[in-house]
Amino acid sequence: MSGVPVLPAGGYARPVPQPPSASLDLHVDRSSPVPLYYQLAQQLESAIEQGRLAPGTLLGNEIDLASRLGLSRPTVRQAIQSLVDKGLLVRRRGVGTQVVHSQVKRPLELSSLYDDLQAAGQSPATRVLRNETEPASAEVAAALGVAEGAEVAVVERLRLTHGDPMAHLRNHLPLGLLELDGARLETTGLYRLMRGAGVTLHSAHQTVGARTATAQEGELLAEPEGSALLTMRRTTYDDTGRPVEYGSHVYRASRYAFDFQLLVRP
Numbered sequence: 159m160s161g162v163p164v165l166p167a168g169g170y171a172r173p174v175p176q177p178p179s180a181s182l183d184l185h186v187d188r189s190s191p192v193p194l195y196y197q198l199a200q201q202l203e204s205a206i207e208q209g210r211l212a213p214g215t216l217l218g219n220e221i222d223l224a225s226r227l228g229l230s231r232p233t234v235r236q237a238i239q240s241l242v243d244k245g246l247l248v249r250r251r252g253v254g255t256q257v258v259h260s261q262v263k264r265p266l267e268l269s270s271l272y273d274d275l276q277a278a279g280q281s282p283a284t285r286v287l288r289n290e291t292e293p294a295s296a297e298v299a300a301a302l303g304v305a306e307g308a309e310v311a312v313v314e315r316l317r318l319t320h321g322d323p324m325a326h327l328r329n330h331l332p333l334g335l336l337e338l339d340g341a342r343l344e345t346t347g348l349y350r351l352m353r354g355a356g357v358t359l360h361s362a363h364q365t366v367g368a369r370t371a372t373a374q375e376g377e378l379l380a381e382p383e384g385s386a387l388l389t390m391r392r393t394t395y396d397d398t399g400r401p402v403e404y405g406s407h408v409y410r411a412s413r414y415a416f417d418f419q420l421l422v423r424p
């Protein structure tokens, strides 16, 4: 008879696959002054940032989510729409609501991007593009305090999170500072290697800017040519005041942001 589901051998219906969001510990506090939609949105955003909802994951049915949390469907829809507006979710016709990616918010402090991503549960990975020596340009020589044309070490890496490119990193270091092993550069951060070699990082001067991606950068970072990129130039010093590293990095603005805390001077 049409319309009647056919049971498999054994007489038991196959279990309906549950979306990953069903396993999340989501809850709302109705006594809180924080709007219910915002509470839900914050929990979903945290799950995306920590990789518990990976890119490509389907969020699940709004009606089921509303029923599970005892919320109205418009409240759930408002929470989801706020994450769509942030670029973390996308609604696809015939597919549903899907996780796009999370934007890494990095504090401005002397730390390694690899360590920051790892601490945030972003599953960092590294592809080493160059690991060699080259004559120092005028810019690099001025940053490292060496003569222009002097040989310096240069390392170029592509940093990825959850398999997607995040940043193109170029670092110049004085020769002889440490052994730059390609295999180790793929599994840990540069600053961790420097500390392991006895280099005591003390301070840095950093400049943050923005520009558009070239065709080559767009191909490398999986962004269209002309997309917005964040730029960062940093000179790092050890505890004796010696320059030990000059970094020139570009980040996908759609995936990355610098996080500031501003204080009023007394």
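159 is the number of the first residue of the sequence shown in this note's numbering; add one for each residue after it.
The beta-carbon is built from N, C-alpha and C at its ideal position, and this holds for glycine as well.
Here DSSP, grouped into helix, strand and coil, assigns V312 to strand. When rounded, the separation of the alpha-carbon atoms in E375 and S240 is 30 Å. In the DSSP assignment, P401 falls outside any alpha helix (DSSP H) and within the unbroken beta strand (DSSP E) covering 401-410. In the DSSP assignment, S225 falls outside any beta strand (DSSP E) and within the unbroken alpha helix (DSSP H) covering 220-227. In the three-state scheme derived from DSSP, where H, G and I count as helix and E and B as strand, Q208 is classed as coil. Per DSSP, the beta-bridge partners of G367 are T389. DSSP places G340 in the helix class (H, G or I) of the three-state scheme. Counting only the Cα atoms, L247 lies some 9 Å from L216. Under the three-state reduction of DSSP output, A415 falls in the strand class.
In the DSSP assignment, L247 falls within the unbroken beta strand (DSSP E) covering 247-250. Assignment of beta-bridge partners to T255 by DSSP yields R249. For T233, the enclosing alpha helix (DSSP H) starts and ends at 231-243.
DSSP, read as helix, strand or coil, puts A283 in strand. Between D183 and T345, the alpha-carbon positions lie close to 31 Å from each other.
Secondary structure at E292: strand, using DSSP grouped into helix, strand and coil.
Nearest neighbour of H360 by Cα position, chosen from E381, R400, A368, turns out to be R400.
Of the candidates E290, D222, V310, V310 places its Cα closest to the Cα of A296. Bridge pairing for Y395: S361, P401 [DSSP].
Around the CB of V192, fewer than 16 other CB atoms lie within 10 Å, so the residue is classed as exposed. Here R317 carries a strand assignment [DSSP, helix/strand/coil].
Within its own chain, the residues whose Cβ lies closer than 6 Å to the Cβ of Q197, once the five positions on either side in sequence are excluded, are V186, listed in chain order. Closest by C-alpha distance to M390, out of E383, D397, H407, R188, is H407.
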